[in-house]
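Each residue of the sequence shown is one higher than the one before, starting from -13 at the first, in our numbering. Taking it in order: structure first as structure tokens, then the write-up.
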Amino acid sequence: MAFPITRLRRLRQSEPIRSLVRETRLSPESLVYPMFVCPGEGVRNEVRSMPGVFNLSVDEAVREARRAHSLGVLSVILFGLPENKDEVATGAWAENGIVQQAARAIKREVPDLIIMGDVCLCEYMSHGHCGIVRSTHPQSLGAAVASPPAATADYEIVNDATLELLARTSVSLARAGVDIIAPSDMMDGRVGAIRRALDGAGLSNTPILSYAAKFASGFYGPFREAADSTPQFGDRRSYQMDGANLREAMREIELDIEEGADMIMVKPAMPYLDVIAAARQRFDLPLAAYQVSGEYAMIEAAARNHWIDRERVIMESLLSIRRAGASIILTYHALEAARLLA
Ligand SMILES: [Zn+2]
């Protein structure tokens, strides 16, 4: 039956009717708020390229976590800026690492909040890569930093040796009170290695949220400033995924599930909504998407110029990610969105 019998505008004529037939809804409890924890006390340094996002000392992180919880945002994910960096990422797995300290403090003060721990090494490595780096040329790594290699790789990100550090980091974070382990490094086999290590340490109840399809992306730019994790040479294309590949993303997800992932994630979100939708159709695990720093920064920058309606675009961007199929959304706008939903 077509026009004039059928008129789709009938169900759009008022907000109550639109609300009645709305297919997709957002709620604060499905949002995860990322936080960057740094050394010191009373530190609250705004990230230049991410207005409204801060590097927080542990005491300030606790305050921010409490704020999140009071707004109905039930999970945070922690990233760390360590005091020192080295070539074995000591700050990632040290018992008194910065994220470990923050997790203990937040658990003590806001026990109901779910703490996710991002597991990667780049923030803790002097070279800024997500794994152990081995020079494939006679020149030392120091020289590689001084004169960045050209197109041909003079170094290698060593996969299997990195797994041990990721597993050690995961156990350390879980012991410090992190509820959900979220590996973001994109090494092959890391979910299995982390699962075995957690189980071996008596932590078989700790779930893994795997950054299963993480694409090498220009949208990560502001994050690297926030987490001080820019690679000192080369880029991450030998481990993060090629943005052109949807089928490979499905293979990545499938392998992580076989290795024991409890939840899966696609990152970034808005430029990869088709990947989110395909993953939703194909897999039955809880599906997360990360609205990354560049997505956040674009909205904030345009809003500052009065080129877009900030609040409207925040909610529309989150709704599109939800509609594509992600039931969990990691977003720097989590607290703002929760406020707007209230
Ligand atoms: Zn990394």
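In this text, a Cβ means the ideal position worked out from N, Cα and C, and glycines have one as well. The structure presented is a predicted model; accordingly, all values stated were derived computationally and were not measured.
Problem - Coil, strand or helix - Y258 by DSSP - result: helix
Exercise for the section: May I ask whether a heavy atom of ligand 1 can be found less than 7 Å away from the beta carbon of S203? Expected result: no
Exercise for the section: List the endpoints of the continuous alpha helix (DSSP H) containing Y282. Expected result: S279 to R290
Exercise for the section: Take the Cβ of H292 as the centre, count every other Cβ of all protein chains shown within 10 Å, and call the residue buried at 16 or more, exposed below. Expected result: exposed
Problem - Contacting residues, own chain, Cβ-Cβ under 8 Å from S190 (five flanking each side not counted) - result: L184
Exercise for the section: Below 6 Å CB to CB, which residues in the same chain sit around H123 once its five sequence neighbours on both sides are set aside? Expected result: D140
Exercise for the section: Measure how close the beta-carbons of V33 and E322 come, nearest whole angstrom, since I'm counting them as under 8 Å. Expected result: Going by Cβ atoms, the distance from V33 to E322 rounds to 15 Å, so no, they are not a contact pair.
Handout entry: N-terminal and C-terminal residue of the alpha helix (DSSP H) that T155 is part of
Key = N145 to A162
Handout entry: Contiguous alpha helix (DSSP H) assignments of at least 4 residues, all confined to the segment 4 to 30
Key = none
Handout entry: For E46, the three-state DSSP class (helix, strand or coil)
Key = helix
Exercise for the section: Going by CA-CA distance only, name the one from H55, G114, R53 and K93 that's closest to G77. Expected result: G114
Problem - Other residues of its chain near A136: CB distance less than 7 Å, five sequence neighbours each side excluded - result: Note that A136 scores 45 on pLDDT, short of 50, meaning its location in the model is unreliable; the coordinates nonetheless yield the value given after this. Within the same chain, A136 has no close Cβ partners at all.
Exercise for the section: Compute every distance between the C-beta of D171 and the non-hydrogen atoms of ligand 1, then say whether any falls below 7 Å. Expected result: yes
Problem - Secondary structure of R223, DSSP reduced to three states - result: coil
Practice task
Could you give the DSSP three-state label for A137: helix, strand or coil?
Solution key: For A137, the predicted structure reports a pLDDT of 45, less than 50, and the residue's modelled location is therefore unreliable. A value from the coordinates is still provided. Residue state, collapsed to three classes: coil.
Problem - As assigned by DSSP and simplified to three states, the class of D242 - result: helix
Practice task
Indicate the three-state DSSP secondary structure (helix, strand or coil) for F(-11) in the structure shown.
Solution key: coil
Exercise for the section: Could you tell me the distance, in whole angstroms, from the CA atom of S121 to the CA atom of D72? Expected result: 16 Å
Exercise for the section: Please list, in chain order, all residues of the same chain as A75 whose beta carbon is under 7 Å from its beta carbon, the five residues on each side excluded. Expected result: L107, Y110, M111 and L151
Handout entry: Proximal residues to Y258 (C-beta, below 6 Å), its chain only, five neighbours per side dropped
Key = V252
Practice task
Starting from F209, follow the beta strand (DSSP E) in both directions and report where the run begins and ends.
Solution key: It is not in any beta strand (DSSP E) - F209 instead sits in the alpha helix (DSSP H) that spans G207 to A213.
Handout entry: beta strand (DSSP E) segment containing G103, residue limits
Key = I100 to V105
Problem - Heavy atom of ligand 1 within 7 Å of L326 beta-carbon - result: no
Handout entry: For D45 and E27, the rounded distance between their alpha carbons
Key = 6 Å
Exercise for the section: May I ask whether a heavy atom of ligand 1 can be found less than 7 Å away from the beta carbon of L195? Expected result: no
Practice task
Kindly identify the DSSP beta-bridge partner or partners of R120.
Solution key: E142
Problem - Start and end residues, beta strand (DSSP E) containing V62 - result: S61 to G66
Handout entry: Buried/exposed call for A230, threshold 16 Cβ in 10 Å
Key = exposed
Handout entry: Length of the line joining the Cα atoms of G376 and D242
Key = Limits of the chain in this structure are -13 at one end and 328 at the other, which puts residue 376 out of reach.
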